[in-house]
Amino acid sequence: MKKIINLTINDQSHEIAVEPNITLADLIRYQLGLTGTKKGCDTGDCGACTVVLDGEVVNSCLVLAVQANGSVIETIEGLATDEGLHPLQEAFVEKGAIQCGFCSPGVILSAKNLLDKNPSPSEQEIREGISGNLCRCTGYKKIFDAIESQSS
Amino acid sequence: MKEFDIISSRAHRVDTPDKATGQAVYTDDISRPGMLYGALLQSPHPHAKIISIDTSEARKLPGVKSVITSKEAGTIKYGVSPARYDENVFAVDKVRYIGDEIAAVAAVSLEIALKAVELIQVEYELLPAVFTVEDAMKEGAPQLHKDFSGNLCAEVHQEFGDVDAALKESDIIKTSTMKSKRQDGAFIEMQVCIAEFDNRGVLTLVTSTQVPHYVQRTVAMVLGMDVGKVRVKKPYVGAGFGIKAAANPMELACCILARETNKPVKMNFTREQVFMYARARHQFNHTITTGAKKDGTLMAIKHECVLDGGAYTSFGIATVYYTGSLLGGPYKIANMSYDGYRVYNNKPACGAQRGHGAVIARALFEQQVDMIAEEIGMDPMELRIKNMMEAGDTTCNDLNMSSFGMSECIEAVRTGSDWDQKKGNMEPGKGIGMACGFFVSGAGYPIYRSDTYHGTVIVKLTEDGGTALVYTASAEIGQGSDTAFAMIAAEALGIPLENIRLASGDTDMGVDLGAYSSRQTLMTGHATKEAADHAKAQVLEVLADQLNVPVEEMDIKKGFIEFAGDTPDFTALRTRYIKEHRGWTDNPDSEKLTFTEASRIAFLEKGSIVGTGKYKPHDLGGKFKGAAVGTSPAYGCSAQVAEVTVDMETGQVTIDNITDAHDCGKAINMTSVEGQMEGSISMGIGEAMHEEVIFNDKGQVLNNDLAEYKIVTSMDMPQVKAVVVESDEPNGPYGAKEVGEGAIMPTIPAILNAVYNATGVRLNELPLTPERVYHAIQDYKNRVKK
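Each protein sequence line maps, in turn, to chains A and B. All residue numbers for the first sequence refer to this note's numbering, where the first residue is 1 and numbers rise by one. All residue numbers for the second sequence refer to this note's numbering, where the first residue is 153 and numbers rise by one.
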């Protein structure tokens, strides 16, 4: 039995009928078509499905869509504006912090959330800030460089 | 050295703006109208005869569109190497590991497909199973494949020079062993594919693969179709590291389901299935004896290795050869013998992973080099330099090092790590160690025996000039190959990088063997350069004719036509170009004739300007059995220094930093080269420190998720200093060669040598868990007491 939920995603409000067992990740990807949110495990281990929910980063594969009812969500598609890429996205491009790119949306959202809360993180805080996001390609160094470059 | 406009820069990658914004499309992001969802039935038993399969209940479930077994899929065998096709899409007579595919279902939803899978009734007769090489090789052990007695999948016996005689002449002989653990690729994007037939019978398979070409051939062979009726496309791929370098059974099942239903079908591996399918790095059991003279001259290597192969061959024949052949360098060693055995057992098959076959052999051998250096009181770097090959040298097994900056790499890490000050002066509990390694820059021969070109590329100029379209079937899987080829094309044409548009990863675009064996930069790069040169020559020929200037006196640089002598009057050409664009406001007014004008004029004279390029290596290697494996047109090489801290009370090893230098020939993109070096180090650290696929006594993977299978996280990665050492590779485009795999070779031994330096203990088993290191330290203390 579907349930109607209300969500604000990237400043756009949605009223959606969802199955009670659908995860937020599947809702975002397959029902709303925001495929920038990736799925690398479906068990909350890899962080590829990271979104910002009411100001906190979450693994959207571990959140049921119905649990998110009434919340404000930011996905990777919400960062760029008419002016172009968000400065943090620019930094990831500039520093070569992206290889296969599958973890990048999650890493960027975790990093943005970190910088929103702590504009001048130490190296250790940067490491902790993205510790829930696995990257198998880069060895993280250029990711640290990109985040560091956006620290004030 | 030649000056380049684009090559060797830190140009931004062409794909990363889309990847940063979530716009980049990967296979699972694609949905097709009327698409069905497929699911696999996989064996719950490690070894069993299939007595019967009853699919009737599954077929009755509403929403199920097709249920297929070997009856529908047929019994054509496939695999990686035609010499050893030992797999069927679905088990025909028996299953050989937990996960072996038995049937598949397509349904209107994934939930229904999974429910239908549960309704398939299979009657098994359980067979005894074996899970270790020791048990599999025992007399009377259960046999996996009837044609391979003793479960011996492959054996290799090679000797170059006279090893026994050289060992007799040696003053120092070191023998030691090394046992590694099975790895998982742990790429973040799980395998996924969508298959669809059109109404003319053409199959399109969109899939997360490193090798569209090989997948195309395997699909065509198994489905009995013409190669030209099978199109394989890869969108962006969330990495592969070797595991996605062959057709997988899900791709084949998906194509058959699409054929049976005449609907698009999507299939995904779960993370658990990624571990179940495996095909990643083998577990290696090495014994190596190295002989040397008192002056440090390395004399001989005697090498034996047993590979834990799993249930099928996969890449295993190549693996077992690579394991031996890539010990031939980077040192001048005239005598080398190798006895390699790959053994079947009832676990998932192993295959290729970054540093294919050679990583653990290197991990053991580089420790022995250190042991010899210690015994004769020589600095490990000095001993390595003393024995180091130089450009132009050939190993005893016929691998030619056409460029080789290995000594320069050692010097770079010596300086970069402050080695001379640190070595011998480390605080208690801290250690420093180094190692070298090298790897092929593309396999010298295709996986199937063939005279095929390894890569073909098309460069087409847009009819209005200005933009060059590059079409290649190569595979961007995250390493940055699209950017490398765009840069090569821009450099060769003499136009800015922004004026290149590149499309790749589609078998309709040509032949390219794909992303494995670190081959694309050199091989596809060559073909790209040739295609761009060809297109440029056609433009210049038209200009030569129009302007009456000899073609050899013209060039294209930064988007403008350069003349060796006086600039001829090109007013007529410009007027003609502008006339073609009445009403346009951005017509050229530069002092120099633009490439845009020139290529428009060329189009008006000749029609589409299309340049074609191709590449295959020259004949490589010796004539002995297995000589092909390990051959390459070039070899990349690396030196690394690792510094560690070891807690002597708990056995906890912390890697403090790593200094890495890699000779990649001419770096096409500096940033991408560093990225490959840093990524290689992180994978090497994972393998050294904590990665291990663990099985229970029934052959089931226990840690089949990314929480319990521990890859390096942002908290684990040490400081890394990556130094790019450039050489000029004569067989590479603009002098370029590999970086993707060579950079992992020294990581594990550098760490092991550093741990020894800190503790006095040599570890002969990976990974370096605190427990293992603790026990090794205690054993050592007890030995010293006695």
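Don't be surprised by glycine CBs; every beta carbon is placed ideally from N, CA and C.
Proximity winner among the options, relative to residue i (alpha-carbon distances)
| i | options | result |
| --- | --- | --- |
| B:Met330 | B:Ala840, B:Ala638, B:Tyr605 and B:Phe156 | B:Ala840 |
| B:Ala510 | B:Asn487, B:Pro482, B:His164 and B:Val495 | B:Pro482 |
| B:Gln335 | B:Glu239, B:Val371, B:Lys454 and B:Leu459 | B:Leu459 |
| B:Glu534 | B:Phe436, B:Glu563, B:Phe556 and B:Ile863 | B:Glu563 |
| B:Gly461 | B:Ala486, B:Asn539, B:Ser160 and B:Asn497 | B:Asn497 |
| B:Asn651 | B:Gly353, B:Pro214 and B:Thr614 | B:Thr614 |
| B:Leu93 | B:Asp931, B:Pro901, B:Asn934 and B:Lys933 | No information on residue 93 of chain B is available, as it lies outside the stretch 153 to 938 that chain B covers here. |
| B:Ile810 | B:Glu826, B:Val798, B:Gly803 and B:Gln792 | B:Gln792 |
| B:Glu801 | B:Ser790, B:Asp931 and B:Lys758 | B:Asp931 |
| B:Ser322 | B:Lys386, B:Ser742 and B:Thr442 | B:Thr442 |
Min CB distance residue i to chain B below 8 Å
| i | result |
| --- | --- |
| A:Lys2 | no |
| A:Cys100 | yes |
| A:Thr35 | yes |
| A:Gln130 | Note on residue identity: the sequence assigns Ile, not Gln, to residue 130 of chain A. Taking Cβ atoms only, chain B reaches closer than 8 Å to A:Ile130, which makes this a yes. |
| A:Pro87 | no |
| A:Glu15 | no |
Residue j beta carbon less than 8 Å from that of residue i
| i | j | result |
| --- | --- | --- |
| B:Ile896 | B:Gly585 | no |
| B:Ala255 | B:Leu409 | no |
| B:Gly765 | B:Ala786 | no |
| B:Glu844 | B:Lys333 | yes |
| B:Leu357 | B:Arg411 | no |
| B:Ile640 | B:Lys681 | yes |
| B:Ala689 | B:Val609 | no |
| B:Thr635 | B:Val166 | yes |
| B:Gln519 | B:Ile395 | no |
| A:Leu7 | A:Leu64 | no |
| B:Pro149 | B:Tyr249 | With chain B covering only 153 through 938, there is no way to say anything about residue 149 of chain B. |
| B:Ser489 | B:Lys454 | yes |
| B:Phe427 | B:Asn856 | yes |
| B:Lys582 | B:Glu311 | no |
| B:Ala888 | A:Ile98 | no |
| B:Ile812 | B:Val565 | Position check: residue 812 of chain B holds Asp in this sequence, whereas Ile was assumed. Yes, these two residues count as a Cβ contact at 8 Å. |
| B:Ala338 | B:Gln362 | no |
| A:Thr138 | B:Glu881 | no |
Within chain A, the residues that residue i reaches when beta carbons sit closer than 7 Å
| i | result |
| --- | --- |
| B:Met661 | Going along chain A, no residue has its Cβ under 7 Å from B:Met661, so there is no contact; the nearest lies around 21 Å. |
| B:Ser866 | Arg127, Ile130, Ser131 and Tyr140 |
| B:Leu858 | Cys41, Asp45, Cys46 and Leu134 |
Within-8 Å CB hit, residue i to chain A
| i | result |
| --- | --- |
| B:Arg352 | no |
| B:Asp299 | no |
| B:Glu795 | no |
| B:Ile863 | yes |
| B:Gly763 | no |
| B:Glu940 | The structure shown does not extend to residue 940 of chain B, since chain B spans only 153 to 938, so no value can be given for it. |
Below-8 Å beta-carbon distance, residue i vs any chain C residue
| i | result |
| --- | --- |
| A:Glu94 | Included in the structure are the protein chains A and B, with no chain C among them. |
Within chain B, partners of residue i - CB distance below 7 Å
| i | result |
| --- | --- |
| A:Ala80 | Thr173 |
| A:Ser104 | Lys171 and Ala172 |
| A:Cys49 | In chain order: nothing, as chain B lies at least about 11 Å away. |
Partner residues on chain B for residue i, Cβ-Cβ distance less than 9 Å
| i | result |
| --- | --- |
| A:Glu77 | Thr173, Gly174 and Gln175 |
Cross-chain neighbours of residue i in chain A, by beta carbon under 8 Å
| i | result |
| --- | --- |
| B:Thr422 | Asp42 |
Cross-chain neighbours of residue i in chain B, by beta carbon under 8 Å
| i | result |
| --- | --- |
| A:Ile108 | Ala172 |
Neighbour list for residue i in chain A, Cβ cutoff strictly below 9 Å
| i | result |
| --- | --- |
| B:Ser834 | Cys135, Arg136, Cys137, Thr138, Gly139, Tyr140 and Lys141 |
* the segment 162-196 of chain B: positions lying closer than 9 Å to chain A by Cβ -> Arg162, His164, Arg165, Asp167, Thr168, Pro169, Asp170, Lys171, Ala172, Thr173, Gly174, Gln175, Ala176, Val177, Tyr178, Asp180, Asp181, Ile182 and Ser183
* To do: Please list the residues of the segment 318-348 of chain B that have a C-beta atom closer than 9 Å to any C-beta atom in chain A, keeping them in chain order.
  => Gly337, Ala338, Phe339, Ile340, Glu341 and Met342
* Going along the segment 902-914 of chain B in order, which residues come within less than 8 Å of chain A, judged by CB to CB distance? -> none
* Proximal residues, the segment 609-642 of chain B versus chain A, C-beta separation under 8 Å -> Ile629, Gly630, Gln631 and Gly632
* To do: Please list the residues of the segment 51-72 of chain A that have a C-beta atom closer than 9 Å to any C-beta atom in chain B, keeping them in chain order.
  => none
* Please list the residues of the segment 386-399 of chain B that have a C-beta atom closer than 8 Å to any C-beta atom in chain A, keeping them in chain order. => Tyr388, Val389, Gly390, Ala391 and Phe393
* Between the segment 797-827 of chain B and chain A, which residues of the former have CB atoms less than 8 Å from a CB of the latter, in chain order? -> Thr823, Ser824, Glu826 and Gly827
* To do: Identify each residue in the segment 870-904 of chain B for which the Cβ-Cβ distance to at least one residue of chain A is less than 9 Å, and report them in chain order.
  => Gln871, Val872 and Ala874
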